[in-house]
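Heads up: the sequence shown runs through residues 1197 to 1538, numbered per our numbering.
Ideal Cβ positions, reconstructed from N, Cα and C, are used throughout, including at glycine.
Quick caveat: nothing in here was measured; it's all calculated off a predicted structure.
What follows is a single structure, written as structure tokens, with notes after it.
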Amino acid sequence: MPRGSLVEYLNDEVQGLIQYTTISNPLTLGGYGNPRSGYTVFSVDHGLSKAFLVLSISCKSVPRNILWKVMLNGVTLVREFKPQLLEEWEEGVYAVQVFDVSQLMSEAGHYTLSIKCESSEAVTVEAVTLFGITPLENAKSEVVFRAGQVGLRPSERVDIDVPMSNRDGIGKTLITLSMPSRKAVVDVMINGRQVETVDGVIGVEEVSIKNVHLGSKNSVTLLHRGTSLTYYPRDVRIHNLLMYKVLVEGPKVDVVDASLGNDKVSMKLRNTGDVVAKNIVIACLTAGEILFRDVINVLKPGEEVVREYAVSARQRPVIVRVIYTGLLDQEVITVKLMEEPQ
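Now the structure itself:
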């Protein structure tokens, strides 16, 4: 049976884009021979309207009467070791500290997270996760974010229910795991369908599943496969779960028509999304050579645009790529064109 739990820190509709970064370089402080302080730097391109910092922590026993000071850009977040969640298992203690740093990260820039620990026993920060919302007028998403510690021994599974609103949407799921050995294998399922297998890695791993169809009843299942192989510790641990669905489709550029003939390439594009598409790049290549490159500055929702480009008769066939930025990621459409027979 799984041990531990995940605590929900956000379940809401948000106006903006999702930012999620995990730094998984372990930082061991205190104890014999270890430094007493360390730091991690985050770079934020745009200010965040909502922001959480999550520290995933492990140690041999519960720290008592220690100096534990956490600061962000010199502002003290906490002066004592009081995690929101603490799990005591036979192989060690696992804790989570979560900080709402929305007021401190409202501007773009570099942010230094500093930790000072004076303890007779070592304390390890296994991973630091920054989760936030970048404000954007035309982007709306429904977001569920949970953090904690859930342990799965071999052959154990956990089913996590993630209820959302009745509106269907396409979204993304991000899971932060700690893998005890390269021998461990974890299957990830979303709404009953296997979407990922994690194996051959050790330490903290971030699993990202794009283009997930999400409705009102959603579930995430993780199975730590049974094995005769030995490794220690035995538990795969789940640190964070982020699931969100896009409620505004965003820009969606479709190639309605494309042809090659009479020494020219003809393209018709349409924005079938509900947000303006900007800086759409059209690039044409043959045998590794760029024949032309064009930029469409603006394509409004429902709008079509037609472009024609001259090419030499010897340049056959050609590859045309249409590149633009969607709400979640950069989108690339590739079309191969052959001249139609006369």
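Buried or exposed by the 16-neighbour rule on C-beta atoms within 10 Å, applied to residue i
{"i": "Q1552", "result": "Because the chain spans 1197 through 1538 in this model, residue 1552 falls outside it and cannot be assessed."}
{"i": "V1237", "result": "exposed"}
{"i": "K1246", "result": "buried"}
{"i": "P1465", "result": "At residue 1465 the sequence reads Leu, which differs from the Pro that was named. L1465 comes out buried."}
{"i": "H1409", "result": "exposed"}
{"i": "A1473", "result": "buried"}
{"i": "T1426", "result": "exposed"}
{"i": "E1322", "result": "buried"}
{"i": "D1375", "result": "Position check: residue 1375 holds Met in this sequence, whereas Asp was assumed. Result: buried."}
{"i": "R1433", "result": "buried"}
Which listed residue (the options) has its alpha carbon closest to that of residue i
{"i": "M1301", "options": "D1241, I1515 and P1359", "result": "D1241"}
{"i": "L1533", "options": "L1437, V1471, T1218 and N1458", "result": "N1458"}
{"i": "K1265", "options": "V1472, I1371, P1447 and K1278", "result": "K1278"}
{"i": "R1489", "options": "P1497, K1496 and C1480", "result": "C1480"}
{"i": "I1398", "options": "T1369, V1210, P1429 and K1368", "result": "P1429"}
{"i": "V1491", "options": "V1501, P1497, A1483 and T1482", "result": "V1501"}
{"i": "E1287", "options": "T1272, V1452, K1256 and V1451", "result": "K1256"}
{"i": "I1386", "options": "E1209, L1487, L1213 and V1358", "result": "V1358"}
{"i": "A1483", "options": "V1516, G1396 and E1314", "result": "V1516"}
{"i": "I1529", "options": "K1496, M1463 and L1487", "result": "M1463"}
CB of residue i within 7 Å of CB of residue j, strictly
{"i": "S1254", "j": "T1320", "result": "yes"}
{"i": "Y1520", "j": "I1476", "result": "yes"}
{"i": "E1317", "j": "G1200", "result": "no"}
{"i": "G1243", "j": "A1335", "result": "no"}
{"i": "G1411", "j": "G1446", "result": "no"}
{"i": "V1391", "j": "I1405", "result": "yes"}
{"i": "S1337", "j": "V1210", "result": "yes"}
Residue i CB to nearest heavy atom of the ligand HEM below 6 Å
{"i": "V1514", "result": "The model depicted lacks the ligand HEM and carries no ligand whatsoever."}
Quick one: complete beta strand (DSSP E) runs, 3+ long, within the stretch 1377-1406? Within the stretch 1377-1406, the beta strand (DSSP E) runs of at least 3 residues that lie entirely inside it are, in chain order, 1381-1386 and 1389-1395.
Within the chosen definition, does the stretch 1408-1418 reach the stretch 1304-1313 through at least 3 CB pairs nearer than 8 Å? Contact check between the stretch 1408-1418 and the stretch 1304-1313: fewer than three CB pairs, one atom from each, fall below 8 Å, which does not count as touching.
To test your reading of the DSSP string, which unbroken beta strand (DSSP E) runs of 3 or more residues are found completely within the stretch 1324-1350? Taking 3 residues as the shortest admissible run, the stretch 1324-1350 contains the following complete beta strand (DSSP E) segments, listed from N- to C-terminal end: 1336-1348.
Within the stretch 1272-1322, ranges of the beta strand (DSSP E) (whole runs, at least 3 residues): The stretch 1272-1322 is shown to contain whole beta strand (DSSP E) runs of 3 or more residues at 1281-1285, 1288-1296 and 1305-1314, in chain order.
So does the stretch 1348-1355 actually touch the stretch 1286-1295, counting three or more Cβ pairs closer than 8 Å? Too few Cβ pairs lie closer than 8 Å, so no.
Can you give, in chain order, each stretch of the beta strand (DSSP E) that sits fully within the stretch 1445-1484 and has at least 3 residues? Listed in chain order, the complete beta strand (DSSP E) runs (minimum 3 residues) inside the stretch 1445-1484 are 1449-1457, 1460-1467 and 1473-1482.
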